[in-house]
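Numbering (full-length UniProt numbering), first residue to last: 1 to 494.
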């Protein structure tokens, strides 16, 4: 293999190759290397260098040389593909930000949900979340740097953070490229491990924890509208008649109910005598209102086929009634889904009327069914139901719930929650680290990968190569800064 001159700009791990021709194969050290520690400070960063890990890393690399070569060769192909793909994505996103096109729907969902979905608002981040992020960052960065170090073990140098630039320029281009791509490859592998572990977590914890049967309440903030109604350890079984098994279902049902709040046809069979004894509504600013803690109700038909949805509501059809007064009554209407059998017959007797709460703008009527921890998930024994009237999305986010329930002791239910949260954070941090280092920007691995990759094209003259590298780095850095600023603005404004 004939080697040409390679000139690399000074970056985080870059150096200059001045020699031509292939370098001879070097031998790994046979003696213990010096464990001398040194500190160095530059205008961009401070680092702490140590050589105490060189010997065990060299021994590991010498023992599994062939497997590591295959492993990092696959990683090189993956990282180069990722570099091209991420570059195209930031170009498309910059065009979408300039309103040049509407974007790709599935790509928008991925960018908006998968990477920053777990940190939807900076105001909701707790001290525990900061701890998770710090631990996840340490693990992700360590795996990233370990990838660089392992890929360099077959050469006469080894490092976890900074390479010996003089020795780095003496090895072939492909070997250099494998070293630079190793960090991205290891972060991608870490994401895969976290995803598989999250998928298998319910099976791993099965002997000690049940999963997906119902939701257990972990914490209720004093500012939550459910404070005083739910307590840690309570089990939520149904949300407005729909069974809830996971936290994802909890949020999905809440979003659906929020969108359907003005279109539902859910009612309760209220005795006519109770309706006759109810209070009449007041008219304020051409709107019906109820005094105290009463709720507006109106009589409806049992199914939408006979219900006149566009009829003009009059004061005779509207009355004020306490919300908790209807919880023990039978359900009617076709808005309850499978909870009420829709066979065209009304479940209410002749002495009852199907009454439905009137929804106002921004307010949703939701019935929450729960049971106490000591009763399991059988709400009929010592649980109950209550009605929440208000912003259902804020309500759903105001409590911490989990899919896991301990089979033995309540206190240990936090263990799978901590493991799950840590795995999710490691996945997101490692994914962001891999994507950031794949970008063609200054002072990251993408800069070095781009330079070395272009040097492999002998048809490019050094001047054209330098022009392409500089243009890509300047443009990529500016676009990335703008996109990151835009994302941070959207996160802070939520």
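Beta carbons: idealized from backbone N, C-alpha and C, even for Gly.
1) Look at residue 53 and residue 151 and say whether their C-beta atoms are less than 8 angstroms apart.
2) Report back the beta-carbon spacing between residue 452 and residue 176 to the nearest angstrom; my notes put them in contact at under 8 angstroms.
3) State buried or exposed for residue 63, treating a residue as buried only when at least 16 other CB atoms are found within 10 Å of its CB.
4) Please classify residue 486 as buried or exposed, where buried requires at least 16 neighbouring CB atoms within 10 angstroms.
5) Does the distance from the C-beta atom of residue 295 to that of residue 320 stay below 8 angstroms?
6) Going by DSSP, what residue range makes up the beta strand (DSSP E) through residue 283?
7) Under a Cβ-count criterion, where at least 16 other Cβ atoms within 10 Å of its own Cβ denotes burial, should residue 305 be classed as buried or exposed?
8) Using the C-alpha atoms, what's the distance from residue 230 back to residue 280?
9) Which residues in the same chain have their Cβ closer than 8 angstroms to the Cβ of residue 246, if we skip the five residues on either side of it in sequence?
10) With DSSP as the reference, label residue 43 as helix, strand or coil.
11) When you compare each of 300, 278, 349 to residue 291 by their alpha carbons, which one comes out closest?
12) Return the CA-CA distance between residue 428 and residue 271, expressed in angstroms with no decimal places.
13) Out of curiosity, what's the CA-to-CA distance linking residue 368 and residue 388?
14) So, residue 94 versus residue 492, is the Cβ gap smaller than 8 angstroms?
15) Taking residue 218 as the reference, give the member of 206, 225, 234 with the closest Cα.
16) DSSP puts residue 279 in a beta bridge; with which residues?
17) Measuring only from the beta carbon, is residue 230 closer than 7 angstroms to any heavy atom that is part of the ligand GDP?
18) Does the region 409-423 come within contact of the region 437-457, defined as at least 3 CB pairs closer than 8 angstroms?
19) Beta-carbon within less than 7 angstroms of residue 135's beta-carbon, same chain only, minus the 5 sequence neighbours each way: which residues are those?
20) With a threshold of 6 angstroms on Cβ separation, who are the neighbours of residue 142 within its own chain once the five nearest residues in sequence on each side are excluded?
21) Identify which residue in 147, 60, 351 has its Cα closest to the Cα of residue 79.
22) Among all the DSSP beta bridges, which residues are the ones paired with residue 489?
23) With burial defined as no fewer than 16 other Cβ atoms inside 10 Å of the residue's Cβ, what is the status of residue 484: buried or exposed?
24) DSSP three-state call for residue 242: helix, strand or coil?
25) Excluding five sequence neighbours on each side, which residues of the same chain lie with their C-beta closer than 7 angstroms to the C-beta of residue 225?
26) Helix, strand or coil for residue 154, going by three-state DSSP, please let me know.
27) Excluding the 5 residues flanking residue 419 on each side, which residues of the same chain have their C-beta closer than 8 angstroms to its C-beta?
28) Counting contacts by CB-CB distance shorter than 8 angstroms, is residue 208 in contact with chain D?
29) I'd like to check one pair, residue 426 with residue 181: are the Cβ atoms closer than 8 angstroms?
30) Determine which residues share a DSSP beta bridge with residue 297 and list them.
31) Quick one: what's residue 268 bridged to in DSSP?
32) So the alpha helix (DSSP H) residue 183 belongs to, where does it begin and stop?
33) Output the boundary residues of the beta strand (DSSP E) element that contains residue 350.
34) When you compare only the Cα positions, how much space is there between residue 464 and residue 442?
35) Short of 7 angstroms in beta carbon distance, which residues of its chain neighbour residue 179, apart from the five on each side in sequence? Order them along the chain.
36) For the beta strand (DSSP E) containing residue 368, list its first residue and its last residue.
In short:
1) no
2) Their Cβ separation, rounded to whole angstroms, is 5 angstroms, which keeps residue 452 and residue 176 in contact under 8 angstroms.
3) exposed
4) Under this definition residue 486 is an exposed residue.
5) Yes.
6) Counting along the chain, the beta strand (DSSP E) containing residue 283 begins and ends at 282-284.
7) Confidence at residue 305 is low in this model, with a pLDDT of 46, below 50, so its placement is unreliable and the value that follows should be read with caution. Here residue 305 is exposed: its Cβ has fewer than 16 other Cβ atoms, across all protein chains shown, within 10 Å.
8) 32 angstroms
9) 212, 215, 403
10) Confidence at residue 43 is low in this model, with a pLDDT of 49, below 50, so its placement is unreliable and no value can be given for it.
11) 278
12) 54 angstroms
13) One C-alpha to the other measures close to 7 angstroms.
14) no
15) 234
16) 320
17) Among the components modelled here there is no ligand, and therefore nothing to report on the ligand GDP.
18) No: fewer than three Cβ pairs fall under 8 angstroms.
19) Within the same chain, residue 135 has close Cβ partners 422.
20) none
21) Ranking 147, 60, 351 by CA distance to the CA of residue 79 puts 147 first.
22) Secondary-structure assignment with DSSP links residue 489 through no beta bridge to anything.
23) exposed
24) Residue 242: strand per DSSP, three-state reduction.
25) 388, 390, 395, 398
26) coil
27) 201
28) Structure shown: chain D not included; a single protein chain is present.
29) no
30) DSSP output for residue 297 lists 319, 357 as bridge partner(s).
31) Beta-bridge analysis with DSSP links residue 268 to 331, 355.
32) 173-204
33) Counting along the chain, residue 350 falls outside any beta strand (DSSP E), and DSSP gives it neither H nor E.
34) 19 angstroms
35) Cβ within range, chain order: 148, 151, 152.
36) 364-371
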